[in-house]
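Yeah, the sequence shown ends on 447 if you go by this note's numbering, and it's all consecutive.
A virtual CB, placed ideally from N, CA and C, is assigned to each residue, including glycine.
Keep in mind it's a predicted model, so treat the numbers as computed, not measured.
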Amino acid sequence: MTTGTTATPVNGTAGAPGASHAAQESQGTDPAAERLRRWRLVLGGEGGGDGTGCALGGTDAAMDRTLEALYGSGPGSGAGSGQGAGGGPGGGRRAAGLGGSAPQIARWLGDIRTYFPTSVVQVMQRDAIDRLGLSALLLEPEMLEAVEADVHLVGTLLSLNKVMPETTKETARAVVRKVVEDLEKRLTARTRATLAGALDRSARISRPRHRDIDWDRTIRANLKNYLPEYGTVVPERLIGYGRAAQSVKKEVILCIDQSGSMAASVVYASVFGAVLASMRSLDTRLVVFDTAVVDLTDQLSDPVDVLFGTQLGGGTDINRALAYCQSRITRPAETVVVLISDLYEGGIRNEMLKRVAAMQASGVRFVTLLALSDEGAPAYDRDHAAALAALGAPAFACTPDLFPEVMAAALEKRPLPVPESFAPHGGSGAAG
16 MTTGTTATPV NGTAGAPGAS HAAQESQGTD PAAERLRRWR LVLGGEGGGD GTGCALGGTD
76 AAMDRTLEAL YGSGPGSGAG SGQGAGGGPG GGRRAAGLGG SAPQIARWLG DIRTYFPTSV
136 VQVMQRDAID RLGLSALLLE PEMLEAVEAD VHLVGTLLSL NKVMPETTKE TARAVVRKVV
196 EDLEKRLTAR TRATLAGALD RSARISRPRH RDIDWDRTIR ANLKNYLPEY GTVVPERLIG
256 YGRAAQSVKK EVILCIDQSG SMAASVVYAS VFGAVLASMR SLDTRLVVFD TAVVDLTDQL
316 SDPVDVLFGT QLGGGTDINR ALAYCQSRIT RPAETVVVLI SDLYEGGIRN EMLKRVAAMQ
376 ASGVRFVTLL ALSDEGAPAY DRDHAAALAA LGAPAFACTP DLFPEVMAAA LEKRPLPVPE
436 SFAPHGGSGA AG
């Protein structure tokens, strides 16, 4: 096995439920022996050939075989030749590979779920798809039922959507729906609460009726008018809540790059789009693009439909997508445009920047997210990001947990909560 790749799954098992059997086997061993055992699992190599002199048995040996089937290297029989992840050792060193046998793959998927926690299982599944070319196997319903569903698996399924046989599509939709429903449970309540507060604050007025007065903010705004002899504040300026909660106050356009590298962002953006569309005080539009532009707004009631309306892969024409979004803006001062893209533009760069500048000059709040995912900083076009920042539209990666705060700041026209790694000179905010 390769040292760098297998270290994460092995270390990830420590104290995890999926590794409970291995932990039980190691109980009662002295610290030195336990260190050798762990190094043996990390380094791989049969019969202690890794240099540790430590032989594995029982659950440890079975766990090692599941890792070897994916991360092993060098000549040998391996799972690719019919051994299977749970099979006995063969002659010589195993080669990485799970072969073309569907039952064998299903057994391996079951093994990794037995020995490793869910977070590690998801990493190993992604590695199996990337390293061993198992995407085609996801076109088989029995394989889809065996895998651990996550955002990255959804991205892979969406990229295979156009070649997926009819017998698999219903299973694929069920897998995607499960992931989407989990994300909605995680994200909806906080997003709605955060944005509802932002919308209420943006609707405050200075000549409210008595029942609409925001007394807390009114008192704070008039503290300079405190009269100690009377023990009271003279409210020269009243601050109140607007009463337009039932009408559309703000417009949001999500403009999403559907190139292959943006798969996780497309999944999260579709879920957030559905949440925003469910808020009556927001008029939400969702647009996806590669070299063509597709408006999926009429499908926002079901993010699964949105996702299956995308077509991951292909080129990128940001300028064309922004031209379409610009044509749909009716109230610039009340509109937020969120571009979600790694900014690798295949269209006309200068025209793209001119459109952003024109939208901002008209009063549109423009936000650029390099990614909307849990993975952190993506690969992106730094020249384009710098050019947008120079226009007052800082580009930064955003986690799903941060997205509600970003949208709230954009709606209220206050500085965006730009992560420090993307803020100029290490700052923690940007006025965008």
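Local Cβ density within 10 Å of residue i, reported as buried at 16 or more and exposed below that
{"i": "GLU181", "result": "exposed"}
{"i": "SER285", "result": "buried"}
{"i": "ARG55", "result": "buried"}
{"i": "LEU358", "result": "buried"}
{"i": "SER316", "result": "exposed"}
{"i": "ALA213", "result": "buried"}
{"i": "HIS167", "result": "buried"}
{"i": "LYS239", "result": "exposed"}
{"i": "ASN334", "result": "buried"}
{"i": "VAL249", "result": "exposed"}
{"i": "LEU71", "result": "buried"}
{"i": "ALA48", "result": "exposed"}
{"i": "LEU173", "result": "buried"}
{"i": "LEU242", "result": "exposed"}
Distance CB(residue i)-CB(residue j) smaller than 8 Å
{"i": "ILE254", "j": "ALA279", "result": "no"}
{"i": "LEU354", "j": "GLY170", "result": "no"}
{"i": "LEU291", "j": "LEU426", "result": "no"}
{"i": "MET158", "j": "ILE120", "result": "yes"}
{"i": "THR331", "j": "SER274", "result": "yes"}
{"i": "ALA404", "j": "ALA410", "result": "yes"}
{"i": "ALA408", "j": "VAL351", "result": "no"}
{"i": "GLY59", "j": "LEU82", "result": "yes"}
{"i": "LEU322", "j": "VAL162", "result": "no"}
{"i": "GLU349", "j": "LYS265", "result": "yes"}
{"i": "LEU368", "j": "ALA402", "result": "yes"}
{"i": "VAL308", "j": "ALA336", "result": "yes"}
{"i": "ARG429", "j": "VAL319", "result": "no"}
{"i": "ARG343", "j": "ILE268", "result": "yes"}
{"i": "GLY329", "j": "THR306", "result": "yes"}
Collapsed DSSP secondary structure at residue i in the structure displayed
{"i": "ILE254", "result": "coil"}
{"i": "LYS264", "result": "coil"}
{"i": "LEU368", "result": "helix"}
{"i": "VAL190", "result": "helix"}
{"i": "THR383", "result": "strand"}
{"i": "PHE411", "result": "strand"}
{"i": "VAL248", "result": "strand"}
{"i": "TYR395", "result": "coil"}
{"i": "LEU175", "result": "coil"}
{"i": "LEU406", "result": "coil"}
{"i": "LEU4", "result": "For the chain, the structure presents residues 16 to 447; residue 4 sits outside this window and is missing."}
{"i": "LEU71", "result": "coil"}
{"i": "ALA100", "result": "The predicted model places ALA100 with a pLDDT of 38, which falls under 50 and marks its position as unreliable; any figure quoted below should be read in that light. Three-state DSSP puts ALA100 in coil, outside helix and strand."}
> Per the contact definition of three or more C-beta pairs closer than 8 Å, is the stretch 383-391 in contact with the stretch 293-313?
Replying inline: no
> What are the complete alpha helix (DSSP H) segments, minimum 4 residues, inside the stretch 269-317?
Replying inline: 278-292
> Below 8 Å, can you find three or more Cβ-Cβ pairs linking the stretch 301-312 to the stretch 136-156?
Replying inline: no
> Is there contact between the stretch 198-206 and the stretch 414-428, where contact requires at least three CB pairs shorter than 8 Å?
Replying inline: yes
> Mind pulling the beta strand (DSSP E) runs of 3 or more residues that sit fully within the stretch 322-370?
Replying inline: 350-355
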